[in-house]
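Peer 1:
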Amino acid sequence: MSDATVWETAVLEGGPGDGWRVRVSGRPRVLQVTCPCPVEAAPPGARAEGVYVYRRDYEVRTEPLRYGFDVASP
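Going from the sequence shown to the numbering used here is simple: count from 1 and add 7.
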């Protein structure tokens with residue numbers, strides 16, 4: 008019995024991560040991509056990030072897995 012984690016390649020489609028190839032373990036249903044946003048007059052340590060959600064395409068069963076941008080997500 009092995010404790011080795013199995014990693015698979017996935018490709019993001021659409022949104023800010025379009026074309027990115029990422030490694031995933033356990034075939035998560037959703038991936039989240041964040042992008043920093045510049046802030047003005049923020050208190051020390053505060054930050055803002057844009058959040059983008061990608062959902063797994065269950066029709067794709069072999070590598071590379073595919074995750075599509077969810078335009079309706081927060």
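We put the CB at the ideal spot given by N, CA and C, even for glycine.
Can you name, in chain order, every residue of its own chain whose Cβ lies under 8 Å from the Cβ of ARG36, other than the five neighbours on each side?
Peer 2: The residues are ARG62 and ARG63.
Peer 1: Let's test the definition: count the other Cβ atoms within 10 Å of the Cβ of TYR74 and tell me whether it reaches 16, buried, or not, exposed.
Peer 2: Buried, by the Cβ-count rule.
Peer 1: How close, in whole Å, do the beta carbons of PRO23 and VAL40 come, if the pair is a contact with beta carbons under 8 Å?
Peer 2: That belief holds up - the Cβ atoms of PRO23 and VAL40 are roughly 6 Å apart, short of 8 Å.
Peer 1: Spatial neighbours of VAL18 within its chain, please: C-beta separation below 6 Å, excluding the five flanking residues on both sides.
Peer 2: Answer for VAL18: ARG28, PRO71 and ARG73, listed in chain order.
Peer 1: Work out the CA separation of ASP25 and VAL60 for me, nearest whole Å.
Peer 2: Rounded to whole angstroms, VAL60 to ASP25 spans 12 Å at the Cα level.
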